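Asks: Residue numbers (the numbering used here), protein chains in the order written: chain A, 709 to 806; chain B, 709 to 806; chain C, 760 to 878; chain D, 760 to 878; chain E, 620 to 755; chain F, 620 to 755.
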Amino acid sequence: MKLGVFVNDYKTVAETVSRLTAEKLGLIFIQNGVFHAAIKENGKSSSLLDKSANFYVLAEDLATRGLSDADVDSRVKIVNYGDVVDLIFNEYEQVVWI
Amino acid sequence: MKLGVFVNDYKTVAETVSRLTAEKLGLIFIQNGVFHAAIKENGKSSSLLDKSANFYVLAEDLATRGLSDADVDSRVKIVNYGDVVDLIFNEYEQVVWI
Amino acid sequence: MGTLTIACFASLVGSKSLDFSLKLAKAALEKGHKVNIWLSSNGTLMGKANQKHLKDYSHSEKYVRELLEKGAEICECEACALARGIHKPEAIEGIKWDAMHWYLAKIYNSDRVIQIGGE
Amino acid sequence: MGTLTIACFASLVGSKSLDFSLKLAKAALEKGHKVNIWLSSNGTLMGKANQKHLKDYSHSEKYVRELLEKGAEICECEACALARGIHKPEAIEGIKWDAMHWYLAKIYNSDRVIQIGGE
Amino acid sequence: MSVIDIGVVIQRPPYKSETATLGFTHAISYQVVDIYLEDGQGVTPKVCLIGEGVLNCINNHKAMENYGVTSIESHVKNALLVDLDIYVCKEDLDRFGITEGRLIDAEDMGADKKLQVVPYSEIQKILAQTKHILVF
Amino acid sequence: MSVIDIGVVIQRPPYKSETATLGFTHAISYQVVDIYLEDGQGVTPKVCLIGEGVLNCINNHKAMENYGVTSIESHVKNALLVDLDIYVCKEDLDRFGITEGRLIDAEDMGADKKLQVVPYSEIQKILAQTKHILVF
Chain A
709 MKLGVFVNDY KTVAETVSRL TAEKLGLIFI QNGVFHAAIK ENGKSSSLLD KSANFYVLAE
769 DLATRGLSDA DVDSRVKIVN YGDVVDLIFN EYEQVVWI
Chain B
709 MKLGVFVNDY KTVAETVSRL TAEKLGLIFI QNGVFHAAIK ENGKSSSLLD KSANFYVLAE
769 DLATRGLSDA DVDSRVKIVN YGDVVDLIFN EYEQVVWI
Chain C
760 MGTLTIACFA SLVGSKSLDF SLKLAKAALE KGHKVNIWLS SNGTLMGKAN QKHLKDYSHS
820 EKYVRELLEK GAEICECEAC ALARGIHKPE AIEGIKWDAM HWYLAKIYNS DRVIQIGGE
Chain D
760 MGTLTIACFA SLVGSKSLDF SLKLAKAALE KGHKVNIWLS SNGTLMGKAN QKHLKDYSHS
820 EKYVRELLEK GAEICECEAC ALARGIHKPE AIEGIKWDAM HWYLAKIYNS DRVIQIGGE
Chain E
620 MSVIDIGVVI QRPPYKSETA TLGFTHAISY QVVDIYLEDG QGVTPKVCLI GEGVLNCINN
680 HKAMENYGVT SIESHVKNAL LVDLDIYVCK EDLDRFGITE GRLIDAEDMG ADKKLQVVPY
740 SEIQKILAQT KHILVF
Chain F
620 MSVIDIGVVI QRPPYKSETA TLGFTHAISY QVVDIYLEDG QGVTPKVCLI GEGVLNCINN
680 HKAMENYGVT SIESHVKNAL LVDLDIYVCK EDLDRFGITE GRLIDAEDMG ADKKLQVVPY
740 SEIQKILAQT KHILVF
């Protein structure tokens, strides 16, 4: 299973996403999901980044919220819409929005 | 402060509601908030019921979900819409929806 | 008897929050209270006449007309409605169109206010 | 090149999820993929023509017309639209009206599907 | 020319939003999808209830009486009547203390299928074998 | 003939929904409420950002560039320009690691007011003194 997951919110989605597993898993942080990539809560990165997965964050949704590349955890790759299309078609087979 | 709180969802609202305090606090469980009154998670009642507050649950929203009076925790009073109006006007001064 | 102002930001079809608002309004009117309703965000969909009543969906038009008859004042946010392509001539007759300060003024003159979010 | 079907259940005004759907659709079309869009729930508001573009609100009409020109197939759920008081003659020209099996059939013929929820 | 499986995951609780309802109605519509497909083609939804989604399957809903809308219980029964597989996460049922006796069934309507209570690991296996997954 | 305080609590994060935006615009509209009130009457919103709501006040939003909509940053600045008190929960800022240097201000536009970072207990006291509370 090659599963791409659009993580679109911050606090409300963590439980569902934390249960997911797949042979190949990709978390794409968009909308308020970008805070998982850019905010350390109580000094700790989001626990989602501890998953065995590839991580991506949408540049536009970072900038919209006043966040910059420097805020992004080093495990997360910054992508644009064109990159997202390529991820969907080339890297993952099933894609879900959570 | 006499604060009435409409708790309208289940898992997503617990953090916000747990922080609330008031001299007189009332939690009115409606919509999916009714699960706080009627479901024991891992055998334990909702932690919201441990707050120092008065608890109410809307009968219609219980019945809509297949829950009955027998499911409701003994600390929670079952009310109808008319009762809710009276609570708003007679028991609480500020009313919020969370 | 008091005055209750209810704001609702949720759409009727797709959410039971607007149903709740309407039922609460009706119960308050029946107890002799005065009721104002402010519709904002997707709540402005309620002002759209000619909703088709399908069994899978909540239906407001009849309910709203009943509240108006019982004396409720209902107002929807003009900007929110226009942004959704809802224009005044399409609205249910008797629903006012105004801006946020209408709501704030009603709050000033209310004994109780309950604002129902859209999420 | 592949086929991408995007379903969107969120309303444009009031949510950035439909903005996301439209931007993703555009990016996919520009890379030569075929795109289908299924609008359900409050997403059916997108089919309402004559949206006023206010600075505080997302605006879809122009964007949608551009996607249609680039060859995207867009269909909205007739029942969801009617329940909201949106009737076929009000819809943006070129948007299809159909039921859920249209979406399932597009899923059958798609390489990738992304369903974007309304909450 | 073949039939594909799709996953229909319902993770939202009932009624506050229409999300869960739309999950069931979208799944049920598989019955008429052949209108738009060729002979031998088809779509088979595998409905999976996880997390708060399992709260949809407590029986005895009074939604028509209280809200004038078709209950989710009716949608579940219809789904069973049209032979859909509906899997309910055992761990989540246990967590919320929902016993099997309280689950919706459609025996009275003559359905052969029942809700299938299975561990989360089983749901993961089922989803891994689908071509696409829709999350409600 | 008096002015009442109302609490405007913003607890949702920015942009995914319009909730936070509507909190600020509703508060700002206090400026023209006198159209519908009598002389001497008025409404003073006390804007309180708590929980994920504090994520709204990181500066340098690019919402107009990316989405063609007025940024929440502009709304915050406008709110400060019209002399609204905006209280931001210190514990939540600390929890999310947002330092004071990253907070929106409207000094460049000549505002006298700044965002006021205060403990949660202070926000509770402020809200207790309002007549009504609107939660966004």
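Beta carbons: idealized from backbone N, C-alpha and C, even for Gly. The structure displayed is predicted, hence computed values, not measured ones.
Shortest alpha-carbon distance to leucine 770(A) belongs to which of Lys748(A), Leu735(A) and Asp779(A)?
Replies: The residue with the shortest Cα to Cα distance from leucine 770(A) is Asp779(A).
Asks: Please compile the residues from chain F whose C-beta is within a distance smaller than 8 Å of the C-beta of glycine 751(A).
Replies: Correct list: Gly716.
Asks: Are there 16 or more other CB atoms within 10 angstroms of the CB of lysine 621(E), so buried, or fewer, so exposed?
Replies: Strictly speaking, residue 621(E) in this sequence is serine, with lysine absent from that position. Exposed is the call here.
Asks: Using only the alpha-carbon positions, how far apart do leucine 763(C) and valine 784(A) sit?
Replies: If you take the alpha carbons of leucine 763(C) and valine 784(A), they lie about 50 Å apart.
Asks: For tyrosine 718(B) versus glycine 751(B), is the C-beta distance shorter than 8 Å?
Replies: Against a cut-off of 8 Å, the Cβ pair of glycine 751(B) and tyrosine 718(B) comes out as no contact.
Asks: Proline 738(E): buried (16+ other C-beta within 10 angstroms of its C-beta) or exposed?
Replies: That one is exposed.
Asks: Rounding to the nearest angstrom, what Cα-Cα distance links isoleucine 765(D) and isoleucine 873(D) in this structure?
Replies: When rounded, the distance between both Cα atoms is 5 Å.
Asks: Which stretch, first to last residue, makes up the alpha helix (DSSP H) that contains glycine 877(C)?
Replies: Here glycine 877(C) belongs to no alpha helix (DSSP H), and DSSP marks it neither H nor E.
Asks: Is the beta carbon of valine 652(F) sitting closer than 8 Å to the one on valine 662(F)?
Replies: Cβ atoms of valine 652(F) and valine 662(F): closer than 8 Å.
Asks: Counting only Cβ-Cβ distances shorter than 8 Å, please list the residues of the region 836 to 852 of chain C near chain D, keeping chain order.
Replies: Within the region 836 to 852 of chain C, the qualifying residues are Ala838, Cys839, Leu841, Ala842, Arg843, Gly844, Ile845, His846 and Glu849.
Asks: Taking 8 Å as the CB-CB limit, is lysine 635(F) close to chain D?
Replies: Yes, because at least one Cβ of chain D sits closer than 8 Å to the Cβ of lysine 635(F).
Asks: Please work out which residues of its chain come closer than 7 Å, Cβ to Cβ, to asparagine 697(E), disregarding the five sequence neighbours upstream and downstream, and give them in chain order.
Replies: So the qualifying residues of the chain are Ile647.
Asks: Interface residues of chain E around phenylalanine 768(D) at Cβ under 9 Å?
Replies: Here the neighbours are Glu637, Thr638, Leu641 and Phe755.
Asks: Would you mind reading off the limits of the beta strand (DSSP E) that contains glycine 734(A)?
Replies: 732 to 737 is the span of the beta strand (DSSP E), which, as asked, contains glycine 734(A).
Asks: Give a yes or no on contact between the region 758 to 767 of chain A and the region 725 to 741 of chain F, applying the rule of three or more CB pairs nearer than 8 Å.
Replies: Too few Cβ pairs lie closer than 8 Å, so no.
Asks: May I ask you to list the residues that DSSP assigns as paired with asparagine 762(A)?
Replies: DSSP output for asparagine 762(A) lists Gly734(A) as bridge partner(s).
Asks: Could you work out which residues of chain C lie near glutamine 660(F), taking near to mean beta carbons separated by less than 8 Å?
Replies: Those within 8 Å of glutamine 660(F) in chain C are Tyr867.
Asks: Which of helix, strand or coil does DSSP assign to asparagine 716(A)?
Replies: Correct three-state label for asparagine 716(A): coil.
Asks: Helix, strand or coil for serine 774(C), going by three-state DSSP, please let me know.
Replies: Three-state DSSP puts serine 774(C) in a strand.
Asks: When the distance is taken between beta carbons, is threonine 644(E) closer than 8 Å to methionine 805(D)?
Replies: No, the pair does not count as a contact, with Cβ atoms beyond the cut-off.
Asks: Which chain A residues are close to histidine 792(D), counting only those with a beta carbon under 8 Å from its beta carbon?
Replies: Val793 and Phe797, listed in chain order.
Asks: Does any residue of chain C have a CB that is nearer than 8 Å to the CB of valine 701(F)?
Replies: No - not a single Cβ of chain C is within 8 Å of the one on valine 701(F).
Asks: Given a cut-off of 8 Å, decide if tyrosine 706(F) and isoleucine 677(F) are closer than it, judged by their beta-carbon atoms.
Replies: In this structure, tyrosine 706(F) does not lie closer than 8 Å to isoleucine 677(F) by Cβ.
Asks: Between which residues of its own chain and glutamine 748(E) is the CB-CB distance below 8 Å, once the five residues before and five after are set aside?
Replies: The residues are Asp624.
Asks: Can you give me the C-alpha to C-alpha distance between glycine 626(F) and isoleucine 736(A), rounded to a whole angstrom?
Replies: Near 36 Å, if we compare the C-alpha coordinates of isoleucine 736(A) and glycine 626(F).
Asks: Please classify histidine 751(F): does DSSP put it in a helix, a strand, or coil?
Replies: Reduced to three states, the DSSP call for histidine 751(F) is strand.
Asks: Whole angstroms is fine: what's the gap from serine 755(A)'s alpha carbon to isoleucine 747(A)'s?
Replies: Going from the Cα of serine 755(A) to the Cα of isoleucine 747(A) covers about 11 Å.
Asks: Determine, using beta-carbon pairs with one atom in the region 709 to 723 of chain F and one in the region 681 to 690 of chain F, whether at least three such pairs fall under 8 Å.
Replies: The region 709 to 723 of chain F, when compared against the region 681 to 690 of chain F, does not touch it at the 8 Å Cβ threshold.
Asks: Taking Cβ-Cβ distances shorter than 8 Å, what residues in chain A pair up with aspartate 857(D)?
Replies: Here the premise fails: no neighbours, minimum Cβ distance about 22 Å.
Asks: By DSSP, does serine 869(D) sit in helix, in strand, or in coil?
Replies: Three-state result, serine 869(D): coil.
Asks: Return yes when at least one heavy atom of the ligand PLP lies under 7 Å from the C-beta of leucine 656(F), else no.
Replies: Absence of the ligand PLP is noted for the structure shown, with no ligands found whatsoever.
Asks: With three or more beta-carbon pairs closer than 8 Å as the criterion, would you say the region 832 to 839 of chain C touches the region 785 to 798 of chain C?
Replies: The region 832 to 839 of chain C vs the region 785 to 798 of chain C: in contact.
Asks: So what does DSSP say about tyrosine 655(F), is it helix, strand or coil?
Replies: Note: tyrosine 655(F) maps to helix in three-state DSSP.
Asks: Check the Cβ-Cβ distances between asparagine 697(E) and every residue of chain B, and say whether any is below 8 Å.
Replies: By this cut-off, asparagine 697(E) is not an interface position.
Asks: Give the range of the alpha helix (DSSP H) segment to which valine 804(A) is assigned.
Replies: Here valine 804(A) belongs to no alpha helix (DSSP H); instead the beta strand (DSSP E) covers 802 to 805.
Asks: Does DSSP put proline 576(E) in a helix, in a strand, or in coil?
Replies: With chain E represented from 620 up to 755, any question about residue 576(E) goes unanswered, as that position is not in the structure.
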